[in-house]
Amino acid sequence: MSDKNQTQTVEPQALDPDFVPTPDFDKFKPSRSSLAARKRTDLLMRILIYIAFVIALIPLISVLYTTVVNGVHRFDWYFLTHNMRGVVGGLYPYGGILHAAVGTLEITLGAVLISVPIGIMTAVYLVEYSAKKRLHKAISFLIDVMSGIPSIVAGLFAYAMFSLILGPGTMNGFVGSVALSILMIPTIVRTTEEMLSIVPVDLREASYALGVSKSRTIVKIVLRTALPGIVSGVILAIARVIGETAPLLVTAGAISSTNFNLFSGRMTTLPVYVYNEFQQGIASCPTISKFGSDDFGLCVPGIRMERAWAAALVLIIVVLILNAIGRLVAKIFSVKTK
Amino acid sequence: MGQRIDVNHLNVYYGDFHAVDDVNMVLESNKVTAFIGPSGCGKSTVLRTLNRMHETTPGAHVTGEVLLEGKDLYAPDTDPVEVRRDVGMVFQRPNPFPTMSIRENVLAGVKLNNKHISKSDADDLVEWALRGAALWNDVKDRLDKPGIGLSGGQQQRLCIARAVAVHPQVLLMDEPCSALDPISTLAVEDLIGELKDEFTIVIVTHNMQQAARVSDTTAFFNTQGSGKPGHLVEMADTTTIFSNPQSEETENYISGRFG
């Protein structure tokens, strides 16, 4: 580049106003060696990318494998349909996760019901109504801050808020839902915002040109066209919070019996259940049952770890099922051309 | 029947930018009026002010009057949503709703406005609109298939069917054929000739042959340069504009000497 400039300035023709430079196009052609170098770089990058892919897969496969291998032992109908009432040490009854599964489903559903309307309406405001206003920047900034809140802080916030409103020490499933929704809202707002902004302006204009009001255009055209993406975003947000332990430990607590009431009494959730089981370690067994002569069956010293793994397996399965449902819904509402 | 539009001293601004300067024109009912002119001369902008679509651009505003059969579209108590029911629009790129079938696209204007429509009424409206858009024979066996599965030309005719299904008085067309191949263009041009029995039509086009073929009246817009407002140079019968224009600017433009 600099060579070319220099030669041009010394050439006398450059002073001639009618002079038009004639570029030597052969110089710009890639040389044989640079082509070879490009092929080598291409091969190298391919190999690096494949290695990176395999490295990224190792933990995923390892986690799945370990969870299945360790969890499948306790994973049966009995485990799914019993709670932890009257479970002592490693003795029969061996206990189950019914209460934790109910807790996780109810609390997560509660969080979805709170955060989906708020998240979608916030995104609609950001995309459709607030362009270039100062409030837009403020909300956008707060959403970014919100998505960085540590989950335990969200839990403490919900706990503190309900303590102020309903009296100190209020712990129930709904407080947990509120804590989780604080974590879900930023994800839902961001993905919905993204999906709304890729709906072509053409479609909005087409709708306006039919004499349709802005609100109906947003509901019937924009949100409807963006629906598959919004559903995926909501599923992602659920996947992010369904495994949360810390905020639920401080808001919903833990209980060994099954509580169906989201609004009253403590509720165990699957991650909290896994944590509790893991934390308690080896179960105690009376001397007699070591010989296997117990009327109800063997005492299992390692039962708590077995339950923890099985509960972890259930949690993974729940997330997978939610993902499958999300994909199905997205597919049903997707844009078809045939 | 179409209605006539009178434009009096129309100025259009985008924020501080003066986009169109002092346009006065009469768009006769049941006639096809073509807007021609170089890029940036404001012809599309003027078209969009006729049903207040320019208001979708933040900061856009107008001064002056646009009268639809004497009723000012910019009167303080006029709802822009209502205006667009009387003045429909077809866009440059075909834009059928991707989530809707052919039938739903045609009924969109009625259904999106939350009006209830019985199945037999809907069937009649769909057939009437699609026949009106010369599309009925192509799609009558696949009305429940997605609208975006059609070819570009068919999609544009579907958009025309969708626009006429709300039965406006005026139909605005913003370069409706510029994304279409010559055969589809011919189909849409033929259609324009038929539609003028029912609607007043205003069409923006870059194609002067097209303006000459389809329009009764032609308006030529020009601008002094980028950053300067566009203005209406002259407006007359299409034959007059193309054979005996008053202004030298017009003559230069239509003979291809600039623009």
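The listed protein sequences derive, respectively, from chains A and B. For the first sequence, our numbering assigns the number 195 to the initial residue and increments by one for each residue that follows. For the second sequence, our numbering assigns the number 30 to the initial residue and increments by one for each residue that follows. Just so you know, even glycine gets a beta-carbon here, dropped at the ideal spot from N, CA and C.
Which residues DSSP lists as bridging residue i, in chain order
| i | result |
| --- | --- |
| Tyr323/A | Partner(s): none; Tyr323/A has no beta bridge. |
| Pro175/B | Ser130/B |
| Ala248/B | Phe64/B, Met264/B |
| Met202/B | Val119/B, Ile232/B |
| Pro56/B | Sequence check: residue 56/B is Leu here, not Pro. Paired residues: Ile34/B. |
| Gly427/A | DSSP lists no partner for Gly427/A. |
| Gly259/B | Val49/B, Thr252/B |
Member of the options whose CA lies at the smallest distance from the CA of residue i
| i | options | result |
| --- | --- | --- |
| Gly289/A | Ile510/A, Ser528/A, Phe527/A, Cys493/A | Cys493/A |
| Pro495/A | Cys479/A, Ala505/A, Ala504/A, Arg501/A | Cys479/A |
| Val428/A | Thr463/A, Ile382/A, Phe457/A, Ser227/A | Ile382/A |
| Ser255/B | Ser68/B, Gly181/B, Val112/B | Ser68/B |
| Ala295/A | Ile519/A, Met461/A, Val529/A, Lys408/A | Met461/A |
| Glu94/B | Pro87/B, Ser276/B, Leu79/B | Leu79/B |
| Asp108/B | Thr86/B, Met82/B, Gln239/B | Met82/B |
| Lys257/B | Gly99/B, Glu280/B, Val49/B | Val49/B |
| Glu438/A | Thr386/A, Phe527/A, Thr364/A, Val513/A | Val513/A |
| Met278/A | Leu509/A, Asn470/A, Lys525/A | Asn470/A |
| Asn166/B | Glu156/B, Asp45/B, Lys174/B | Glu156/B |
| Phe250/B | Ser149/B, Glu57/B, Thr74/B | Thr74/B |
| Gly71/B | Glu133/B, Phe46/B, Lys60/B, Glu57/B | Phe46/B |
| Thr260/A | Ile510/A, Phe527/A, Ile515/A | Ile510/A |
| Leu274/A | Phe368/A, Arg268/A, Ile301/A, Leu292/A | Leu292/A |
| Thr247/B | Lys225/B, Glu263/B, Ser180/B | Glu263/B |
| Asn142/B | Ile131/B, Val110/B, Arg160/B, Met129/B | Val110/B |
| Gly226/B | Lys60/B, Val55/B, Val139/B, Gln185/B | Note that residue 226/B is Asp in the sequence shown, not Gly. Ranking Lys60/B, Val55/B, Val139/B, Gln185/B by Cα distance to Asp226/B puts Lys60/B first. |
| Ser371/A | Ala431/A, Leu430/A, Leu417/A, Thr302/A | Thr302/A |
| Leu522/A | Tyr319/A, Ser334/A, Val425/A | Val425/A |
| Asp35/B | Phe64/B, Gly66/B, Lys100/B, His90/B | Lys100/B |
| Met118/B | Phe454/A, Val214/A, Lys532/A, Ala403/A | Ala403/A |
| Asp153/B | Ser284/B, Ala190/B, Val199/B | Ala190/B |
| Arg398/A | Glu84/B, Ala151/B, Gln253/B, Asp150/B | Glu84/B |
| Pro211/B | Gly182/B, Arg160/B, His196/B | Gly182/B |
| Thr531/A | Arg171/B, Met30/B, Met202/B | Arg171/B |
| Ser341/A | Met355/A, Pro380/A, Lys331/A | Pro380/A |
Run of the beta strand (DSSP E) containing residue i, from where it starts to where it stops
| i | result |
| --- | --- |
| Tyr42/B | 34 to 43 |
| Val116/B | 116 to 119 |
| Leu96/B | 89 to 97 |
Secondary structure of residue i, DSSP reduced to three states
| i | result |
| --- | --- |
| Ile65/B | strand |
| Glu227/B | coil |
| Ala104/B | coil |
| Asp50/B | strand |
| Ala524/A | helix |
| Ser334/A | helix |
| Asn470/A | helix |
| Lys233/A | helix |
| Arg113/B | helix |
| Phe213/A | coil |
| Asn517/A | helix |
| Leu456/A | coil |
| Ala502/A | helix |
| Gly475/A | coil |
| Leu215/B | helix |
| Lys532/A | coil |
| Met340/A | helix |
| Met461/A | coil |
Span of the alpha helix (DSSP H) around residue i
| i | result |
| --- | --- |
| His83/B | It is not in any alpha helix (DSSP H) - His83/B carries neither H nor E in the DSSP assignment. |
| Lys148/B | 148 to 161 |
| Met378/A | 367 to 391 |
| Asn281/B | 277 to 283 |
| Ala448/A | It is not in any alpha helix (DSSP H) - Ala448/A carries neither H nor E in the DSSP assignment. |
| Phe351/A | 345 to 360 |
| Glu438/A | Premise fails: Glu438/A is in no alpha helix (DSSP H) and is neither H nor E. |
| Gly182/B | 181 to 194 |
| Thr78/B | 72 to 78 |
| Met237/B | 237 to 243 |
| Lys408/A | 408 to 411 |
| Val494/A | Unbroken run through Val494/A: none, as it is neither H nor E. |
| Leu397/A | 395 to 403 |
| Asn166/B | 165 to 168 |
| Asp220/A | 219 to 222 |
Near the ligand NAP: residue i beta-carbon under 6 Å from a heavy atom
| i | result |
| --- | --- |
| Val513/A | The ligand NAP is not part of this structure, which contains no ligands at all. |
For the stretch 252 to 307 of chain A, which segments carrying the alpha helix (DSSP H) assignment without a break, of at least 4 residues, lie completely within its bounds, in sequence order? 271 to 275
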